[in-house]
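Below: one structure, written as structure tokens.
Residue numbers (this note's numbering): 10 to 522.
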């Protein structure tokens, strides 16, 4: 269209012609006695379509940056966004019977109705104000009323029979594993949203600017949409879906989370883009159609809260499904090189196992440990350190590093000589340099060799030295979990040889959240 300016008269004529249907819908809505009665899919669908078209036309002519037209454009944007959110809420209402959702503590039906009441009130105020603004702009308002029956939605009960042929697909195990694992990973990636569901009202604004921003919500929305598409492509209408009755339940939870994310993304967008920005100062400036606190309340207490609740329900469902189809295997992996199964690697392993909800045990030196418990794994260090102490003693004796001929030698010098000799043979890792030794031995009784052994054991326990031995542990459990444990072990359990954090593979990033 170039940089040529359009006259206000030309633009007024254009919008007056193109906005007739939108203004007719707004006039119809503003004159309704009960807003809820017209919140049907035919009406709000048409309202969204028309407002979207007019907003695009206004943006084509840069109306958002024109003081005369930007208020009209802002009202059009409000009608577009809140009709879209309303459509999602009405969709949820109609789809609830088919979703087969697991029970939650809150009354989802009632709270969906309340959220729809909020969006309906916003649409009503926007409709009234856009009519006022249209008159100020000398835009013609349609005189004829819309026929109410054109937008009613009288739905007879029942559903069509399912008489399409059942498709054949892969095994139930493969299908369930694919979907349940994908959902669990997405649930882990939604940790910020789930944390935000516990926020207090005075914290809402902080959360929206960080963990539940439009950008983060939109990313999750797209990923849940992809997961729903994955289900519909590979599972819907198949033998596997008919055999495992939990699959349609999972599909319902994927869908409701997706639609709730769509409402959350739109509400966060409006809060960030419109509700918190100062409108153009004009003599006829209208009051905002959305009160920011009410907007935040709907976003956080309805959308975010129910996303978290249904993620939690389906997370447990997926873990139970994976248990049913678990293929048990065994793997041997190296023990963490830095101080064995201390807090960090033990926590990562336990978090990994709990993520899948499967039973996994670690076997080490004849004992079994529950891999879902960091404290259980940490307890294995007793065995590991005992083995390291025995190895140290054997090496000291083999290399004749503390013989009785050195009985008169200074104790601290004897220990230092042993440490340096073992380090030279690449048998020892020094974590403290220079190594600080006590003036007195750990034990005053016994031979020099025994005193040196005791002191080496003390340095090992204090984490000042470590033994570079190739110890292995065996994990037994679901092969899918074992695959992730193998990957974790291959990257040093998330730390280098000196206990510093290192990046995890992309597949395991959920462990850092």
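Glycine residues also receive a C-beta, built at the ideal position from the N, C-alpha and C atoms. Predicted model only: the values in this text are computed from it and were never measured.
When you compare only the Cα positions, how much space is there between residue 121 and residue 19? 44 Å
Check for me: the alpha helix (DSSP H) holding residue 484 runs from which residue to which? Premise fails: residue 484 lies in the beta strand (DSSP E), 481-487, not in any alpha helix (DSSP H).
Select from 189, 401 and 198 the residue whose C-alpha is nearest the C-alpha of residue 326. 189
So residue 437 is in the beta strand (DSSP E); what residue range does that whole segment cover? 437-439
Close-in-space but distant-in-sequence residues of the same chain around residue 417 (CB under 6 Å, 5 per side omitted): For residue 417, the predicted model reports a pLDDT of 47, less than 50, meaning its position is unreliable; a value from the coordinates is still stated below. Answer for residue 417: no residue qualifies.
Between which two residues does the beta strand (DSSP E) containing residue 343 stretch? 337-343
Once you ignore the five residues that flank residue 402 on each side, which residues in its own chain have a CB closer than 6 Å to its CB? 462
For my contact list, residue 380 and residue 405 are in at a C-beta cut-off of 8 Å; report their separation, rounded to the angstrom. Incorrect: roughly 34 Å between the Cβ atoms, too far for contact.
Pair within 9 Å by beta-carbon distance, residue 437 and residue 474: yes
Kindly confirm or deny that the region 262-275 and the region 310-322 touch, where touching means at least three C-beta pairs closer than 8 Å. yes
Count the other CB atoms, across all protein chains shown, that sit within 10 Å of the CB of residue 450; report buried if there are 16 or more and exposed otherwise. buried
Whole angstroms are fine: how far does the CA of residue 116 sit from the CA of residue 308? 16 Å
Check residue 370 in the structure and name its three-state DSSP category. strand
Going by C-alpha to C-alpha distance, which of 220, 421, 330 and 321 sits closest to residue 113? 321
Would you list the one or two residues that DSSP bridges to residue 379? 370
Between 23, 506, 500 and 199, which lies nearest to residue 263 when the distance is taken from Cα to Cα? 199
For residue 50, the three-state DSSP class (helix, strand or coil): helix
Give, in chain order, every unbroken run of the alpha helix (DSSP H) that is at least 4 residues long and sits entirely within the region 297-327. 301-306
Which one of 63, 500, 435 and 256 has the shortest CA to CA distance from residue 354? 500
Can you give the Cα-Cα distance for residue 467 and residue 492, rounded to whole angstroms? 36 Å
Residues in the same chain with beta-carbon distance under 7 Å from residue 166, minus the five sequence neighbours each way, listed in chain order, please. none
When you compare each of 312, 141, 372 and 352 to residue 338 by their alpha carbons, which one comes out closest? 372
If we ignore side chains and look at the alpha-carbon of each, how far apart do residue 514 and residue 230 end up? 24 Å
For residue 511, does the three-state DSSP call read helix, strand or coil? coil
Residues near residue 520 in its chain [Cβ-Cβ closer than 7 Å; skip 5 each side]: 357, 360, 361 and 513
Considering residue 475, what are the terminal residues of the beta strand (DSSP E) in which it resides? 474-476
How would you call residue 118, buried or exposed, if buried means at least 16 neighbouring beta carbons within 10 angstroms? exposed
Is the CB-CB distance between residue 150 and residue 312 below 9 Å? no
Any idea if residue 140 is buried or exposed, counting beta-carbon neighbours within 10 angstroms, 16 or more meaning buried? buried
In this structure, how does DSSP classify residue 176 when only helix, strand and coil are distinguished? strand
Determine the burial state of residue 479: buried for a count of at least 16 other Cβ atoms within 10 Å of its Cβ, exposed for fewer. exposed
Contacting residues, own chain, Cβ-Cβ under 7 Å from residue 226 (five flanking each side not counted): 270, 273, 274 and 277
Taking the alpha carbon of residue 214 as the point to measure from, which residue in 193, 29, 173 and 281 has its own alpha carbon closest? 281
Nearest to residue 386 by CA position, among 310, 483 and 234, is which residue? 483
Within the chosen definition, does the region 215-222 reach the region 253-267 through at least 3 CB pairs nearer than 8 Å? no
By DSSP's criteria, residue 504 is part of a beta bridge. Which residues make up the other side? 510
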